[in-house]
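What follows is a short report on a single structure.
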Amino acid sequence: MEKFVGLPVDKQNKIIAGALTAFGANGYKKASVSDIAAAAGISKAMVFHYFGTKKTLYLHLMDFCSGVLMNEVEERFDQGVTDFFERIKLATIIKISVMEKHPSVLSFLTSAYFEEDEEVRKEIKHRLAAGENFRSKIAFDNMDASKFKEGVDPKLVMKILVRYAEGFVSELPNRAEFDMKVISEEFDESMNLLRNNLYKEEYLGEF
Numbered sequence: 257m258e259k260f261v262g263l264p265v266d267k268q269n270k271i272i273a274g275a276l277t278a279f280g281a282n283g284y285k286k287a288s289v290s291d292i293a294a295a296a297g298i299s300k301a302m303v304f305h306y307f308g309t310k311k312t313l314y315l316h317l318m319d320f321c322s323g324v325l326m327n328e329v330e331e332r333f334d335q336g337v338t339d340f341f342e343r344i345k346l347a348t349i350i351k352i353s354v355m356e357k358h359p360s361v362l363s364f365l366t367s368a369y370f371e372e373d374e375e376v377r378k379e380i381k382h383r384l385a386a387g388e389n390f391r392s393k394i395a396f397d398n399m400d401a402s403k404f405k406e407g408v409d410p411k412l413v414m415k416i417l418v419r420y421a422e423g424f425v426s427e428l429p430n431r432a433e434f435d436m437k438v439i440s441e442e443f444d445e446s447m448n449l450l451r452n453n454l455y456k457e458e459y460l461g462e463f
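Take 257 as the starting number for the sequence shown in the numbering used here and just add one per residue.
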């Protein structure tokens, strides 16, 4: 990894983008080192030279994607927003803007989320757990829970949104290609439906 980190940033980005594309399209097991090398514009020997193993590269990509998303959200998120759905919407807008700048990030993370290969599954789960903690912090820290109707658990609402997103992505015919506008619009519709049914009447006029 030290040899890779020592490369010029533009070359690092080119290799990362190529590797993300290869893994995103084929998954961990089916993505060969030859596929990765071809997509990254380097030789197979250089893949091993920079990363040692395919697994090391894969986990580095997971950390890279998570770091890019989390850093961007932390920098741009407005902690003054206290409405639950507005917080989720703001975080989603930020993430989408990142993925539009790095199109291969979404396909890779989606592929990783559904990855079942035992060689990497344990490490993936560990990283996804860290992501869930970050997502909970964004959703619930300083959130105004008083807008919800009596008996509504915001954490359960969050689980519903997460499960919806999982199901939506799993049904896409080709996870390597995403229409971010369609994803964003449909997610907004789902949040509005939940908001209109779960918020107290006096708060619905705010939106």
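Think of the CB as a built atom: it goes at the ideal place given N, C-alpha and C, for glycine as much as any other residue.
Residue span of the alpha helix (DSSP H) that contains residue i, given as start and end
i: V265; result: V265 to K286
i: D409; result: No alpha helix (DSSP H) holds D409; DSSP gives it neither H nor E.
i: F443; result: M436 to L454
i: E258; result: E258 to V261
i: D291; result: V289 to A296
Residue i vs residue j beta-carbon contact at 8 Å
i: M447; j: I344; result: yes
i: R383; j: M318; result: yes
i: V337; j: L346; result: yes
i: S440; j: T312; result: no
Whole-angstrom C-beta distance between residue j and residue i, which should lie under 8 Å
i: I380; j: E374; result: The Cβ separation is near 11 Å, so there is no contact.
i: A275; j: A301; result: Not really, about 15 Å apart at Cβ, beyond 8 Å.
i: H358; j: V324; result: 7 Å
Cα-Cα separation between residue i and residue j, rounded to whole angstroms
i: F396; j: Q268; result: 36 Å
i: R332; j: S290; result: 38 Å
i: T277; j: T366; result: 12 Å
i: F443; j: E458; result: 24 Å
i: F308; j: P264; result: The residue you asked about is not Phe; residue 308 is Gly in the sequence shown. About 19 Å.
i: N282; j: E356; result: 21 Å
i: V413; j: Y306; result: 43 Å
task: Please list the segments of the alpha helix (DSSP H) lying wholly inside the stretch 301-381, counting only runs of 4 or more residues, in order along the chain.
output: Whole alpha helix (DSSP H) segments, 4+ residues: 310-332, 340-357 and 359-369.
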